[in-house]
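One structure is given here, and the rest of the page talks about it.
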Ligand SMILES: Nc1ncnc2c1ncn2[C@@H]1O[C@H](COP(=O)(O)OP(=O)(O)OP(=O)(O)O)[C@@H](O)[C@H]1O
Ligand SMILES: [Mg+2]
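Residue numbers (our numbering), protein chains in the order written: chain U, 1 to 358; chain F, 1001 to 1268.
This is the structure in structure tokens:
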């Protein structure tokens, strides 16, 4: 009798522990994936892919990375741009040094390089917290920027100082370089983001995620429970930087095609930070929402006035953009630290009860 | 409230923890001064004493959070002087705190699941995939944690973030987190402080049941003398960092010094 019962419990826990326990959510996700994989490539223009969707995917990857570190493990980093640069430059170095190596393997290896660099710059987190840690990671950002600028070996002594993605193929499709179509690059980016978002979700719903959140919420108690604070924090830095590294490689190989260190400057670090705050700290979904918002608002501001038959000066657009971001960040930091992701959740709860107010 | 939880019902074994001449000071403050006592396997050992007597400091020494300047602590036959809290956890010591130390942003379920972490073996690569062994492991521990949730009667708050729960329930969740580690030695720092009578009775029941069913050795700090007399096997009395008395509840209750220094002071 008892045995049967416990067997039943087990299956129900498994269902309960699933990423999306509610069927409606699963349908919704299926629909989103269907649109992303089938509809968008079929209907989107080159401009749409290149200016909106690919950067969205790149930033979603970086935002997931930073969210793992900041939202889950509670370690503030302003070095996102620097870690992305590591990914981009290492991918470039490896693929030019070993042209035959599969580009996906190169991506993963440079992610690992970024993870290693992340661990090194994460070491201060063992001693310092919050504001001071932010300053230490800022140093990482500036050091890495400086290094990729100064050490010519990193850009193969190219006098212009830029690095350019050479053409590489995956299963016979040209996925990088000037010949790669926007659709192909979009698809590769989409697959990478899908896979790594799933991995991130797996990590945060298991022991690793709990160890991060425990350190974030109360590091002393976490240690008394048996989490090793050093390992836990460094793992967070490593995995977070891995994601940022992949995002950096994507920036060069799947989005821009050719970059200088400027593409990974401090403002990128801040941009990704804003995505995480606006989207929702401690939420994978929030990373997507934040990335979507921050990549979409400038595009909307550029295009909407023209569609409405109005003229808007470019500097006014820029100012509006900054004002919107600034206002929202203050709003979310004060009112709703869980960002859009939480607002989405509240909306869903309301919908579930609809049309009854309570 | 359960009464007379004497040694006849349960088996009390040999000494599991021996504290010898332990001294601890913070700058000029002598928190503990050559304190000596022992805890036997399977017993409920109370530590009492007025505010600032050094009770919490004593627990902090036992689980490696403070490092005493003098004396030795012998646990399971191994003498030790310095150890990190996570090492103490690995040796089977779990605890709760006077000021609740839960992970506020996490749900009740996740908080209690953290207590299982030392029993989980799959590394992060397995977890990234969340297949086979990693998933099975998660389910096994989930099942164990559900038993604790049932035992503590907190099914209804399973999915709620603990930061928003009322105080009494938070204390209960914290006990659950400590129990999830299946500790050999459970340290409870004022588990019933700030509770009403009903909540206290529940908590007493849980403490006694844990001790009874799993044979867990318990060291608890408590101010409520009624509770202490009811549930503990032996009592240590501290005052200004010094050991004032050590014995059964009846011994301690009758001790002249204790009455003067502590009980008297409370009832003044
Ligand atoms: N981390 C610390 N730094 C400085 N002094 C401390 C520290 N921890 C404890 N003390 C001091 O040590 C003494 C004993 O404190 P402790 O918290 O152990 O007392 P307690 O018996 O638990 O009291 P209470 O009943 O109020 O909880 C107090 O004088 C306290 O101020
Ligand atoms: Mg205390």
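Glycine included, every Cβ here is placed at the ideal spot set by N, Cα and C.
Rounded separation between residue i and residue j - CA only
i: residue 249(U); j: residue 274(U); result: 21 Å
i: residue 1006(F); j: residue 1233(F); result: With a pLDDT of 46 at residue 1006(F), under the threshold of 50, the modelled position of this residue cannot be trusted; read the value that follows with caution. For residue 1006(F) and residue 1233(F), the distance between alpha carbons rounds to 6 Å.
i: residue 253(U); j: residue 177(U); result: 7 Å
i: residue 308(U); j: residue 319(U); result: 19 Å
i: residue 1158(F); j: residue 1108(F); result: 5 Å
i: residue 66(U); j: residue 303(U); result: 30 Å
i: residue 1146(F); j: residue 1116(F); result: 12 Å
i: residue 313(U); j: residue 51(U); result: 20 Å
i: residue 208(U); j: residue 305(U); result: 46 Å
i: residue 10(U); j: residue 1133(F); result: Because residue 10(U) sits at a pLDDT of 46, beneath the cut-off of 50, its placement in the model cannot be relied upon, and the point is left open.
i: residue 1025(F); j: residue 1035(F); result: 12 Å
i: residue 360(U); j: residue 222(U); result: Outside the shown range of chain U (1 to 358) lies residue 360(U), about which nothing can therefore be said.
i: residue 87(U); j: residue 135(U); result: 22 Å
i: residue 1103(F); j: residue 281(U); result: 16 Å
i: residue 1046(F); j: residue 1185(F); result: 13 Å
i: residue 246(U); j: residue 329(U); result: 26 Å
i: residue 1008(F); j: residue 1212(F); result: Legend: pLDDT at residue 1008(F) = 47, less than 50; position of this residue unreliable, no value from coordinates given.
i: residue 155(U); j: residue 261(U); result: 10 Å
i: residue 339(U); j: residue 60(U); result: 15 Å
i: residue 8(U); j: residue 1087(F); result: Interpretation of residue 8(U) is limited by its pLDDT of 43, a score under 50 that renders its predicted location unreliable; no figure is taken from the coordinates.
i: residue 1217(F); j: residue 1203(F); result: 16 Å
i: residue 1171(F); j: residue 236(U); result: 29 Å
Cβ of residue i within 8 Å of any chain B Cβ
i: residue 13(U); result: Protein chains U and F are contained in the structure displayed, whereas chain B is not.
Where residue i falls, given that 16 or more other Cβ within 10 Å makes a residue buried
i: residue 323(U); result: exposed
i: residue 242(U); result: buried
i: residue 26(U); result: exposed
i: residue 132(U); result: exposed
i: residue 1267(F); result: Interpretation of residue 1267(F) is limited by its pLDDT of 43, a score under 50 that renders its predicted location unreliable; the figure taken from the coordinates is listed afterwards. When all chains shown are included, residue 1267(F) counts as exposed.
i: residue 172(U); result: exposed
i: residue 45(U); result: exposed
i: residue 1043(F); result: buried
i: residue 1189(F); result: buried
i: residue 348(U); result: exposed
i: residue 1167(F); result: exposed
i: residue 1219(F); result: buried
i: residue 331(U); result: exposed
i: residue 271(U); result: buried
i: residue 1077(F); result: exposed
i: residue 229(U); result: buried
Partner residues on chain F for residue i, Cβ-Cβ distance less than 7 Å
i: residue 203(U); result: 1124, 1127 and 1128
i: residue 227(U); result: 1086 and 1117
i: residue 235(U); result: 1124
i: residue 199(U); result: 1128
Per-residue contacts from residue i into chain U (C-beta, under 9 Å)
i: residue 1211(F); result: What residue 1211(F) touches in chain U: nothing, since even the nearest Cβ is about 21 Å away.
i: residue 1104(F); result: 217 and 218
i: residue 961(F); result: Because chain F in this structure spans residues 1001 to 1268, residue 961(F) falls outside the shown range and cannot be described.
i: residue 1184(F); result: Residues of chain U passing the Cβ test: none, with the nearest at roughly 14 Å.
i: residue 1031(F); result: Going along chain U, no residue has its Cβ under 9 Å from residue 1031(F), so there is no contact; the nearest lies around 18 Å.
Beta-carbon neighbours of residue i, restricted to chain U and to distances below 8 Å
i: residue 1201(F); result: Within 8 Å Cβ-Cβ: nothing; residue 1201(F) doesn't reach chain U, min ~27 Å.
i: residue 1065(F); result: 220 and 224
i: residue 1114(F); result: 210, 211, 214, 222, 225 and 227
i: residue 1110(F); result: 210 and 213
i: residue 1120(F); result: 207
i: residue 1090(F); result: 226
i: residue 1156(F); result: The contacting residues do not exist; residue 1156(F) stays about 15 Å from chain U at best.
Within chain U, partners of residue i - CB distance below 7 Å
i: residue 1095(F); result: 224
i: residue 1142(F); result: 13 and 17
i: residue 1138(F); result: 17 and 206
i: residue 1193(F); result: Ordered by position in chain U, no residue passes the 7 Å Cβ test against residue 1193(F), which lies about 17 Å from the chain.
Residue i: contacting residues in chain F (beta-carbon distance under 9 Å)
i: residue 107(U); result: None at all; the shortest Cβ gap to chain F is about 16 Å.
i: residue 282(U); result: 1105
i: residue 268(U); result: Those do not exist, as residue 268(U) stays about 26 Å from chain F at its closest Cβ, beyond 9 Å.
Taking only runs that begin and end inside the region 194-262 of chain U, name each unbroken alpha helix (DSSP H) of 4 or more residues, in chain order.
-> 207-217, 219-225 and 229-250
Minimum length 4: unbroken alpha helix (DSSP H) runs contained in the region 81-131 of chain U | Runs found: 103-122.
Three or more C-beta pairs below 8 Å linking the region 1051-1058 of chain F and the region 1238-1249 of chain F | Three or more beta-carbon pairs drawn from the region 1051-1058 of chain F and the region 1238-1249 of chain F are found closer than 8 Å, and the two stretches are therefore classed as touching.
Contained beta strand (DSSP E) runs [length at least 3] in the region 1172-1196 of chain F, N- to C-terminal order | 1185-1189
Tell me, please, whether the region 1245-1253 of chain F touches the region 1060-1075 of chain F by the rule of three or more beta-carbon pairs shorter than 8 Å.
-> With fewer than three CB-CB distances shorter than 8 Å, the region 1245-1253 of chain F does not count as touching the region 1060-1075 of chain F.
Is it a yes or a no for the region 201-217 of chain U touching the region 92-103 of chain U, going by three-plus beta-carbon pairs under 8 Å?
-> no
Does the region 1079-1086 of chain F come close enough to the region 1138-1153 of chain F that 3 or more CB-CB pairs lie under 8 Å?
-> no
Which ranges does the alpha helix (DSSP H) cover as unbroken runs of at least 4 residues, wholly within the region 291-351 of chain U, from first to last along the chain?
-> 314-335
Does the count of Cβ pairs from the region 1114-1128 of chain F and the region 1173-1183 of chain F closer than 8 Å reach three?
-> yes
Can you check the region 1043-1092 of chain F for any beta strand (DSSP E) of at least 3 residues that lies completely inside it and give the ranges in chain order?
-> Qualifying beta strand (DSSP E) stretches, in chain order: 1044-1048, 1070-1075 and 1078-1080.
How do the region 70-85 of chain U and the region 121-130 of chain U stand: do at least 3 beta-carbon pairs fall below 8 Å, yes or no?
-> yes
Taking only runs of the alpha helix (DSSP H) that begin and end inside the region 1205-1241 of chain F, which ones reach a length of at least 4 residues, in chain order?
-> The qualifying runs are 1225-1231.
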